[in-house]
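So the sequence lines, in the order shown, correspond to chains A and B.
Just so we're aligned, residue 66 is where the first sequence starts under this note's numbering, counting upward by one.
Just so we're aligned, residue 642 is where the second sequence starts under this note's numbering, counting upward by one.
Each residue gets a CB set at the ideal place from its N, CA and C atoms; glycine is no exception.
Have a look at the structure below, then the notes.
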Amino acid sequence: GAVVSQHPSRVICKSGTSVKIECRSLDFQATTMFWYRQFPKQSLMLMATSNEGSKATYEQGVEKDKFLINHASLTLSTLTVTSAHPEDSSFYICSAAPDGRSAQHFGDGTRLSIL
Amino acid sequence: QQQVKQSPQSLIVQKGGISIINCAYENTAFDYFPWYQQFPGKGPALLIAIRPDVSEKKEGRFTISFNKSAKQFSLHIMDSQPGDSATYFCAARGGGAQKLVFGQGTRLTINP
Numbered sequence: 066g067a068v069v070s071q072h073p074s075r076v077i078c079k080s081g082t083s084v085k086i087e088c089r090s091l092d093f094q095a096t097t098m099f100w101y102r103q104f105p106k107q108s109l110m111l112m113a114t115s116n117e118g119s120k121a122t123y124e125q126g127v128e129k130d131k132f133l134i135n136h137a138s139l140t141l142s143t144l145t146v147t148s149a150h151p152e153d154s155s156f157y158i159c160s161a162a163p164d165g166r167s168a169q170h171f172g173d174g175t176r177l178s179i180l
Numbered sequence: 642q643q644q645v646k647q648s649p650q651s652l653i654v655q656k657g658g659i660s661i662i663n664c665a666y667e668n669t670a671f672d673y674f675p676w677y678q679q680f681p682g683k684g685p686a687l688l689i690a691i692r693p694d695v696s697e698k699k700e701g702r703f704t705i706s707f708n709k710s711a712k713q714f715s716l717h718i719m720d721s722q723p724g725d726s727a728t729y730f731c732a733a734r735g736g737g738a739q740k741l742v743f744g745q746g747t748r749l750t751i752n753p
């Protein structure tokens, strides 16, 4: 149980385009989802907390107009990287939890490469 | 106060040995301490977690030891196998916050 699916697993696109990443909880309803960014050989950096039906809470230093988060249902959250540039290239990972006391379960990440 | 400090940064253990990774925290409001295992190109997978009302939790070859007074917790991997080679992250959560605070990670290599 507690499977989180992330799609796509890898995307390569040109500078200036927008990229959407999906995060789905497959066998549970997730009131809260989290989006992380991970640089090579580094820890996970929380970007934002997404709550179903409300605006996401962004961590300090994360541009909310750059990284648009939508959590329209209890099983789906999306992260859109708008007008992506090479410095946005990274490994993006989502996680989901049924509620605030439960364990977080992670997707397999999306490798984003901006040319 | 929100930091979780993890050590060592990298660790090499012989097959069959015990791997030990340590974490320390400052925030006494933390009340949930999970460990995650991450393989290259994959997301972290929950290994084992503990709450501060117990000092030890064991699941198979994996054991968490928790010292509330010292604000430290550690992961022990018994009979370490080459398939255990991965990066391990400790984390903490509490004080009403839903988000996890992660340690810096430990790259574990098990030599055959």
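Not flagged as an interface residue toward chain B: L180 of chain A, since no C-beta distance is shorter than 7 Å.
DSSP, reduced to helix, strand and coil, places D153 of chain A within a helical segment of the structure shown. Sequence-distant partners of I653 of chain B (beyond 5 residues in either direction) whose C-beta falls short of 6 Å from its own C-beta, in its chain, are T750. Residue-level contact by beta carbon holds for L687 of chain B and chain A, with a gap shorter than 7 Å.
DSSP places F104 of chain A outside any beta strand (DSSP E), giving it a letter other than H or E.
Residue state for G724 of chain B is assigned as helix, using DSSP reduced to three classes.
Among the bridge pairs identified by DSSP, H136 of chain A is matched with none. Membership of L144 of chain A in the beta strand (DSSP E) is indicated by the continuous run L141 to V146. For K699 of chain B and I691 of chain B, the gap between their C-alpha atoms comes out near 10 Å.
Looking at the DSSP output, M98 of chain A bridges to A:S115 and A:A161. With contacts defined as CB atoms closer than 7 Å, T747 of chain B and Q679 of chain B fail to qualify as a contacting pair. Contact check for S155 of chain A and Q103 of chain A: beta-carbon distance about 7 Å, within the 8 Å limit, so the pair qualifies.
Selection A:M98, A:D92 and A:I134 evaluated against V84 of chain A yields A:I134 as nearest (Cα-Cα).
Counting only runs that start and end inside the stretch 666-721 of chain B, the beta strand (DSSP E) elements of at least 3 residues fall at 671-679, 686-691, 697-700, 703-708 and 713-718. One Cα belongs to Q71 of chain A, the other to P693 of chain B, and the distance between them is close to 32 Å. If the five residues before and after F671 of chain B are omitted, its C-beta is found closer than 6 Å to the C-beta atoms of A733 and G735, all from its own chain and listed in chain order. Each residue's CA atom was taken as its position, placing E124 of chain A and W676 of chain B some 22 Å apart. The shortest C-alpha to C-alpha distance from T82 of chain A to any of A:G172, A:S160 and A:S148 is the one to A:S148. With a threshold of 7 Å between beta carbons, F707 of chain B makes no contact with chain A. Residue contact with chain B for F93 of chain A: absent (no Cβ-Cβ distance below 7 Å to any residue of chain B).
Judged by DSSP in its simplified three-state form, T82 of chain A adopts coil rather than helix or strand. The C-alpha of K683 of chain B is placed about 25 Å away from the C-alpha of F714 of chain B.
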